[in-house]
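Going left to right, the sequence shown walks through residues 250 to 543 as the working numbering numbers them. Backbone N, C-alpha and C define an ideal beta-carbon position, used for all residues, glycine too. Nothing here was measured: the structure is a model prediction, and the numbers come from that model.
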Amino acid sequence: MKPAPFEYVAPESLEEATSLLGEHGEVGKILAGGQSLGPLLNMRLASPEVLIDINRLDELSYIRQRDGYLEIGALARQRTVERSPDIPRKWPLISDAMPYVGHMTLRNRGTVCGSIAHADPAAELPAVATALDAELRVLGPEGERKVSADEFFVSYMTTNLEPDELLAEVRFPPPRPRTGHAWIEIARRHGDYALVGTAAALTLSEDNTCDTARLVYTGVAPVPFDARDAVELLVGEEPSEELFAEAAEQAATASEPGSDVHATAGYRRHLVRVLTRWALGKALERARGDEDGA
250 MKPAPFEYVA PESLEEATSL LGEHGEVGKI LAGGQSLGPL LNMRLASPEV LIDINRLDEL
310 SYIRQRDGYL EIGALARQRT VERSPDIPRK WPLISDAMPY VGHMTLRNRG TVCGSIAHAD
370 PAAELPAVAT ALDAELRVLG PEGERKVSAD EFFVSYMTTN LEPDELLAEV RFPPPRPRTG
430 HAWIEIARRH GDYALVGTAA ALTLSEDNTC DTARLVYTGV APVPFDARDA VELLVGEEPS
490 EELFAEAAEQ AATASEPGSD VHATAGYRRH LVRVLTRWAL GKALERARGD EDGA
């Protein structure tokens with residue numbers, strides 16, 4: 250299929266891009282990597298009147314560390330992030346998840362911010378942003394605003410971005426000492442969207458009990474599912490397989506997966522139970538320093 254006719258513009262500056270967004274609003278659409286937008290255009294599930302190509306805005310292609318934070322601009326390619334030598338040591342959850350984002354050819358063009366803004370609840374990067382308490386920098390004609398990942402995702406493929414705004418940057422805070430992360434997912438084939446994906450984070454206190462934790466899932470809710478009730482079972486307790494199993498059962502019970510041609514809701518809940526125990530075990534190893542890359 251072919252997309253519906255549209256006007257194509259390629260702004261030369263960020264100011265021009267935000268001005269175009271303000272001018273066209275509901276009928277305009279940002280093009281960055283295009284790996285999600287392209288198929289939507291071809292299937293006419295999206296029919297913007299104006300396509301605003303921001304690929305000439307080199308100032309948005311950065312990956313940098315500043316004040317302990319990791320900052321990724323709107324044009325930073327997923328493959329560039331995946332291959333960054335500095336990310337695995339401090340943000341291993343990003344490095345764990347990135348190879349599962351589609352296929353390598355897609356990651357060569359796809360952007361981190363584009364995947365987050367697309368907000369597919371089966372995608373890895375929205376869950377990673379939620380699990381790491383990322384801050385999102387949004388730009389529009391009225392200026393800049395910052396949004397937490399928790400606030401950003403509203404419903405299925407829906408965010409709190411206004412029609413005249415773009416996601417310019419995702420900012421990940423520095424990890425706390427004695428924190429371990431893990432990403433684990435199950436898909437029918439590598440490169441497919443996961444049936445369920447799990448992001449786990451666990452921080453140990455000085456007495457080796459769980460100080461804080463985070464469990465966020467893909468594929469079981471309209472937005473990344475943040476299993477806060479399950480995490481409450483872990484805090485203040487000494488980590489153990491029995492405790493992880495209890496948290497996994499709580500997360501599975503609270504999740505809201507649907508059934509489709511790929512998996513039933515019951516099977517997805519089963520995966521939540523299995524992947525939770527697996528991911529928490531891996532995160533615990535990293536928090537203790539028992540695994541390389543902790």
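Would you be able to state if there are at least three C-beta pairs under 8 Å between the segment 442-454 and the segment 363-378?
Segments in contact, yes.
Assign SER504 to one of three DSSP states: helix, strand, or coil.
Reduced to three states, the DSSP call for SER504 is coil.
Would you check if there are 3 or more beta carbon pairs closer than 8 Å linking the segment 258-271 to the segment 301-308?
Segments in contact, yes.
Does the structure place the segment 489-497 close enough to the segment 524-533 that three or more beta carbon pairs sit under 8 Å?
The answer is yes - the segment 489-497 touches the segment 524-533, with three or more Cβ pairs under 8 Å.
Under the rule that 16 or more other beta-carbon atoms within 10 Å means buried, what is ARG437, buried or exposed?
Exposed.
Can you tell me the Cα-Cα spacing of PHE402 and ALA368, whole angstroms?
A straight line joining the alpha-carbon of PHE402 with that of ALA368 spans about 7 Å.
Cut-off 7 Å between Cβ atoms - residues of its own chain near ILE312, not counting five sequence neighbours on either side
For ILE312, where only same-chain residues beyond five positions count, the Cβ hits under 7 Å are ILE321, ALA325, THR329, VAL330, SER333.
Selected residue, minimal CA-CA separation from PRO423, among LEU280, LYS339, ALA398, VAL299
For PRO423, the nearest C-alpha among the options comes from LYS339.
Proximity winner among PRO254, LEU286, SER285, LEU385, relative to LEU319 (alpha-carbon distances):
Minimum Cα distance to LEU319 is reached at LEU385.
Pick from TYR257, GLY277, HIS352, GLY530: whose alpha carbon is nearest that of GLU490?
Cα-wise, what sits closest to GLU490 is GLY530.
For ARG463 and SER504, I'd like the C-alpha separation in whole angstroms.
ARG463 and SER504: Cα-Cα distance of roughly 15 Å.
Determine the extent of the alpha helix (DSSP H) in which THR452 is found, giving its start and end residues.
Counting along the chain, THR452 falls outside any alpha helix (DSSP H), though it belongs to the beta strand (DSSP E) covering 445-453.
Out of SER296, MET292, GLN284, state which residue places its alpha-carbon closest to the alpha-carbon of VAL257.
In the sequence on display, residue 257 carries Tyr and not Val. If you compare the alpha carbons of SER296, MET292, GLN284 with that of TYR257, the shortest gap goes to SER296.
Does DSSP classify GLN327 as helix, strand or coil?
GLN327 falls in the helix class under three-state DSSP.
Which stretch, first to last residue, makes up the beta strand (DSSP E) that contains TRP340?
No beta strand (DSSP E) holds TRP340; DSSP gives it neither H nor E.
Taking DSSP as the reference, what is the three-state secondary structure of GLU373?
GLU373: helix per DSSP, three-state reduction.
Roughly how many angstroms separate the alpha carbons of SER310 and PRO473, rounded to a whole number?
Taking the straight line from one Cα to the other gives about 26 Å.
Would GLU400 be called buried (16 or more neighbouring beta carbons within 10 Å of its own) or exposed?
Per the 10 Å Cβ criterion, exposed.
Pick from VAL484, GLY271, LEU280 that is closest to PHE255, judged by C-alpha positions:
Taking only the C-alpha atoms, the option nearest PHE255 is LEU280.
Inter-residue Cα distance where the pair is ARG358 and VAL469:
Their Cα atoms are separated by approximately 27 Å.
In the DSSP output, which residue or residues are listed as bridge partners for LEU319?
For LEU319, which the question treats as bridged, DSSP gives the partners GLN314, PHE421.
Could you check the C-alpha separation between GLY570 and GLN284 for me, to the nearest Å?
Residue 570 lies beyond the residue range present for the chain, which begins at 250 and ends at 543; the question has no answer from this structure.
Enclosing alpha helix (DSSP H) for LYS251 [first to last residue]:
For LYS251, no alpha helix (DSSP H) run applies, since DSSP gives it neither H nor E.
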